[in-house]
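Notes follow the structure.
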Amino acid sequence: MSSSQQSSTAAASEDDQLSELEATLYTLASKVNSHLEDRHPELSTSQRGKIVAAELESAFSSVDSSTGDSQPSEMK
0 MSSSQQSSTA
10 AASEDDQLSE
20 LEATLYTLAS
30 KVNSHLEDRH
40 PELSTSQRGK
50 IVAAELESAF
60 SSVDSSTGDS
70 QPSEMK
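What the sequence shown shows, in numbering that gives the first Met the number 0, is residues 0 to 75, in sequence order.
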């Protein structure tokens with residue numbers, strides 16, 4: 000296999016992983032949104048969106064800290 004074939008295979012694999020991650024995030028966001036819609040019908044779509052975004056950000060922060068991949072909040 001040539002190096003260009005290897006890099007295109009690696010890129011395709013990375014694209015597959017990104018697509019899978021996007022699908023997982025969409026599913027998670029949809030479930031959180033549905034839960035909020037059911038439990039808190041008084042919330043507007045915008046308010047639910049902000050809560051969903053905060054939950055996803057929180058989930059990523061905990062993953063980053065558990066894997067050691069977190070970035071410092073301030074660069075010195």
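Using N, Cα and C, we set each Cβ at its ideal position, and we do this for glycine too.
Hey, residue i and residue j: beta-carbon distance below 8 Å or not?
i      : j      : result
Val-51 : Ala-22 : no
Val-31 : Glu-54 : yes
- Message: Using 8 Å as the cut-off, can you tell me whether the region 12–20 makes contact with the region 33–42, which would need three or more C-beta pairs spanning the two stretches below that distance?
- Response: Counting C-beta pairs closer than 8 Å gives fewer than three between the region 12–20 and the region 33–42, which falls short of the contact rule.
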